[in-house]
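Visitor: Numbering (the numbering used here), first residue to last: 6 to 272. Even glycine gets a Cβ: it sits at the ideal position worked out from N, Cα and C. Just so we're clear, the structure is a prediction, and the values are computed from it rather than from any experiment. Can you read through this structure? Questions will come right after.
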C-alpha cells in the first residue's frame, strides 16, 4: 500500500475525527468538573434539547436563511458589477473607490438600529446588513482579480484579433474566477453573522431572536443549539459556493485533489 493511498482516508476524515475528539473532551470535562448546565452544558444535553425543540428551531432557521441568501446574492451581483466599473474606468475608480473604503470603515453592526428607521423592521433591514457586510470583500477581491490578469494573455488574444467582448469571456473572466470565488467564500462566511446580528435588533423571529430569548432565560443548552444551527447555515452557504467553484474552475490548482507536492514527483 502506497503512502499516498494510506494518507487519503485519513485526510478525508481528519475534520470529523477532530470534531468527535473535541466533543468527547468537552463531554468528559463537563461531567468530571460537575459544571452546572447554565454555565456549560454537555454536548449530549445540547443535542437532546435541539432534537426536542426542532419544531421551533427549524422554522426560525428558514427565517434566518432568507436574508442570508438574498443579501449574499445581491452583494455578488452588485459587487462584481461595481468592481468592473472600477477596473475599466479610471475616473470611476478615482471618485468611488476611496468612498467605498471610507464606507467600509464605518462599523455596520453599530449602525444596524438605523436600518430600521431607513428601510423598516424585519426582512429589508436584515437583507441590508447582510449585503453591506458581504459587499466589501467581494468588491476588493473582484478588483484584484480583474487587475491581475497577465499581460501575455492579452497579447495572445490580440494576436488572434479577438474582439473586446471575446477577450472578456475567454481571458479576463476565466482568469479572474479563482479570486472572485475567494471573495464569495469570505462573504458567505460573513452572511450568517450579519443575519443573526440583524435579528438581534430588527426582528421578532429567526435564530437571532431565539438566541436572545434563550440566553436571557439562562437556557444555555438551547443557546448552544441555536449557535450550532446558525453555524451549519453558514457552512452550508459556504459549501454551495465551493461546489459552484469546483464546477466552474475544475482546472485551477486549488481544485486539484491529487497528492502532488511542489518539487516532488508522485510515488
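Looking at C-alpha atoms only, which residue of 234, 144, 81 is the closest neighbour of residue 51?
Guide: The shortest C-alpha separation from residue 51 is found at 234.
Visitor: Going straight from the alpha carbon of residue 115 to that of residue 224, what length do you get?
Guide: Rounded to the nearest angstrom, the two C-alpha atoms are 27 Å apart.
Visitor: Going straight from the alpha carbon of residue 11 to that of residue 142, what length do you get?
Guide: A caution first: residue 11 carries a pLDDT of 49, below 50, which makes its placement in the model unreliable, though a value can still be read off. In a straight line, the C-alpha of residue 11 is about 38 Å away from that of residue 142.
Visitor: Drop a sphere of 10 angstroms on the beta-carbon of residue 200, count the other beta-carbons inside from all chains shown, and report buried for 16 or more, exposed for fewer.
Guide: Buried: at least 16 other Cβ atoms inside 10 Å.
Visitor: Closest to residue 130 by C-alpha separation, out of 104, 220, 72, would be which residue?
Guide: Of the listed residues, the one whose Cα sits closest to residue 130 is 72.
Visitor: With a cut-off of 8 Å, does the C-beta of residue 128 fall near any C-beta of chain C?
Guide: Absent from the structure: chain C. Only one protein chain is present.
Visitor: Give the straight-line distance between the Cα atoms of residue 97 and residue 88, rounded to the nearest whole angstrom.
Guide: Using only the alpha carbons, I get a separation of about 10 Å.
Visitor: Which whole-angstrom value is the C-beta distance of residue 132 and residue 186, which I expect to be below 8 Å?
Guide: About 22 Å; that fails the 8 Å criterion.
Visitor: Are residue 42 and residue 208 close, meaning C-beta to C-beta below 8 Å?
Guide: Contact flag unset, no.
Visitor: Whether or not the stretch 56 to 65 and the stretch 117 to 128 are in contact is what I'm after, with contact meaning three or more pairs of Cβ atoms, one per stretch, closer than 8 Å; do they touch?
Guide: Not touching, per the Cβ criterion.
Visitor: Let's test the definition: count the other Cβ atoms within 10 Å of the Cβ of residue 84 and tell me whether it reaches 16, buried, or not, exposed.
Guide: With 16 or more other Cβ atoms within 10 Å, it is buried.
Visitor: If you measure between the beta carbons of residue 216 and residue 202, is that distance less than 8 Å?
Guide: No. Outside cutoff.
Visitor: Measuring CA to CA, which of 190, 104, 21 is closest to residue 249?
Guide: Checking every option, the nearest Cα to that of residue 249 belongs to 190.
Visitor: Who are the near neighbours of residue 241 in its chain, counting only those whose CB is closer than 7 Å to its CB and skipping five residues on each side?
Guide: If we look at residue 241 and ignore the five residues flanking it on each side, it has no Cβ neighbours.
Visitor: For the alpha helix (DSSP H) that residue 240 lies in, which residues bound it at each end?
Guide: Segment 225 to 253, the alpha helix (DSSP H) holding residue 240.
Visitor: For residue 266, count the other beta carbons within 10 Å of its own beta carbon; 16 or more makes it buried, fewer makes it exposed. Which is it?
Guide: Its pLDDT being 46, under 50, residue 266 is placed unreliably in this model, and the value from its coordinates should be taken loosely. By the 10 Å Cβ count, residue 266 comes out exposed.
Visitor: In angstroms, rounded to a whole number, what distance separates the CA positions of residue 21 and residue 27?
Guide: The straight-line gap from Cα to Cα measures roughly 10 Å.
Visitor: With burial defined as no fewer than 16 other Cβ atoms inside 10 Å of the residue's Cβ, what is the status of residue 151: buried or exposed?
Guide: It is buried - the Cβ of residue 151 has at least 16 other Cβ atoms within 10 Å.
Visitor: Which residue wins for smallest C-alpha separation from residue 93, given the options 238, 169, 220?
Guide: Nearest C-alpha to residue 93: 169.
Visitor: Would you call residue 256 buried or exposed, if buried means 16 or more other Cβ atoms sit within 10 Å of its Cβ?
Guide: Classification for residue 256: exposed.
Visitor: Is it the case that the Cβ atoms of residue 35 and residue 45 are separated by a distance below 8 Å?
Guide: The answer is yes: Cβ separation under 8 Å.
Visitor: Return the first residue and the last residue of the alpha helix (DSSP H) that residue 48 is part of.
Guide: Here the alpha helix (DSSP H) through residue 48 covers 48 to 57.
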